[in-house]
Amino acid sequence: MTIWKNCCADIYYADDGAALNDPGYEVRITEGEMVISYEGGTGWVNYAGRDMGGGHFALHSPEVNGRAMLHRAQDSAVIEGNWSENGCHGMWRIHLLA
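Anchor point for the sequence shown: position 82 equals 110 in this note's numbering, and the numbering is continuous, going up by one each time.
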């Protein structure tokens, strides 16, 4: 298992809301599985899911009724994709920091 702590996420909102540079994300990748965790307004939020092939991960978060599709190229320090959470939609780019 590989764990990156204190990762930073660039978050974009579909409704032209402000883009955020949000620190404090944790990313865990094991054989075929990814978990992304961050502290939300009411506690920790965890997106978890499996590799659908080619580094494309489909994630779900019951805490915020969230779904995400993320991609990580082999050995890349960046994960990118889209998200949907409690009726909001957008994209995010997570920088894996050692």
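Backbone N, C-alpha and C fix where the C-beta goes; we use that ideal spot for every residue, glycine too.
Quick caveat, the model's predicted, so the values are computed rather than measured.
Separation of residue j from residue i, as counted between CA atoms
{"i": "residue 61", "j": "residue 104", "result": "16 Å"}
{"i": "residue 66", "j": "residue 73", "result": "5 Å"}
{"i": "residue 86", "j": "residue 77", "result": "5 Å"}
{"i": "residue 70", "j": "residue 49", "result": "20 Å"}
{"i": "residue 95", "j": "residue 40", "result": "15 Å"}
{"i": "residue 51", "j": "residue 98", "result": "18 Å"}
{"i": "residue 83", "j": "residue 64", "result": "15 Å"}
For residue i, the nearest candidate out of the options (CA to CA)
{"i": "residue 57", "options": "116, 115, 117 and 100", "result": "100"}
{"i": "residue 120", "options": "32, 30, 53 and 31", "result": "53"}
{"i": "residue 110", "options": "81, 90 and 75", "result": "75"}
Neighbour-count burial assignment, residue i, 16 or more Cβ in a 10 Å radius
{"i": "residue 125", "result": "exposed"}
{"i": "residue 31", "result": "exposed"}
Rounded distance between the beta-carbons of residue j and residue i, thought under 8 Å
{"i": "residue 47", "j": "residue 122", "result": "Not really, about 14 Å apart at Cβ, beyond 8 Å."}
{"i": "residue 108", "j": "residue 93", "result": "In fact, because the Cβ distance is near 22 Å, the residues do not count as touching under 8 Å."}
Residues bridged to residue i (per DSSP)
{"i": "residue 108", "result": "99 and 121"}
{"i": "residue 62", "result": "57 and 77"}
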